[in-house]
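Be aware that the sequence shown starts at 5, since it is given in the working numbering, and climbs by one per residue.
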Amino acid sequence: MKVLIDVEYGFQTWLWEPEVKTEEELRLLWSKHRPTSCCDLVTELPGTTTRIWDEIGPSVDTADFVAQWHEEDDSHLIKIGRKTNG
């Protein structure tokens, strides 16, 4: 699964690719590693983390989830809904 993480309201953007197979596993992993402050490092998440430096990087269209990484009370993991034709 792919998660685009926005750090501190636009300060940095990361692509996180944890080694999980289900949404439940991802949510459990997120709850264990969710930041307690904006000083916690995204790179300490299990799996692969890649800093996105510009507009050419992965977009929300290629991610399964988006996340906000800030303080304990405002860090969230959100599943991206997909529209289907039909």
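Here a beta-carbon is modelled for each residue, glycine too, at the ideal position from N, C-alpha and C.
Check                                                                                                   : Outcome
Buried/exposed call for residue 79, threshold 16 Cβ in 10 Å                                             : buried
CB-CB length for residue 20 against residue 11, believed under 8 Å                                      : With a Cβ gap of about 11 Å, residue 20 and residue 11 do not count as contacting.
Contiguous beta strand (DSSP E) assignments of at least 3 residues, all confined to the segment 20-59   : 52-56
Own chain, CB closer than 6 Å to residue 71, minus 5 neighbours either side, in chain order             : 7, 9 and 81
Distance between residue 76 and residue 51 (C-alpha atoms, nearest Å)                                   : 21 Å
For residue 3, the residue or residues it bridges with in DSSP                                          : This structure leaves residue 3 out entirely; the chain is present only between 5 and 90.
Residue environment, residue 15, which counts as buried when at least 16 other CB atoms sit within 10 Å : exposed
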